[in-house]
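One structure below.
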Amino acid sequence: LIINFGLLHFYEKLQDIKPTLQRFTGNIIFSNGLRDPYSAGGVLKNISDSIIALPTVNGSHCLDIVKSSKTSDPDWLVQQRNTEVEIIEGWIAKYYADLKAINK
1 LIINFGLLHF YEKLQDIKPT LQRFTGNIIF SNGLRDPYSA GGVLKNISDS IIALPTVNGS
61 HCLDIVKSSK TSDPDWLVQQ RNTEVEIIEG WIAKYYADLK AINK
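Under full-length UniProt numbering, think of the first position of the sequence shown as 1, with each following residue one higher.
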């Protein structure tokens, strides 16, 4: 499947990014809808406690960040968004707790 989309080389190179992400980044959510053919080249497993993969079987490209339709969004999409918000709120709370500890 990856070869059919011409992604084999891209996918192999993307795997090389894991050490860079671990060393230089944090607080990233990789939300990948597996209906997107390019999701095979995405981050599909957590890299660290703050570099999170949230793959979803039913999703497609950017579906979770498109404006919410409160009446027609499926339950799995609502849960995906709620999970993302909870993760981000946790990062913000940790930032302020760390800042408070530094300023004591």
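Even glycine gets a Cβ: it sits at the ideal position worked out from N, Cα and C. Bear in mind that the values here come from a model prediction, so they are computed numbers and not experimental data.
In this structure asparagine 103 is exposed. Its beta-carbon is surrounded by fewer than 16 other beta-carbon atoms within 10 angstroms. Separation of the CB atoms of valine 57 and leucine 34 is rounded to 5 Å, and the pair is thereby assigned contact status at 8 Å. One Cα belongs to alanine 97, the other to serine 60, and the distance between them is close to 35 Å. Secondary structure note for leucine 54: its beta strand (DSSP E) is the uninterrupted segment 51-56. Taking the Cα of valine 85 as reference, the smallest distance to any Cα among Asp73, Ser72 and Ile28 is reached at Ile28.
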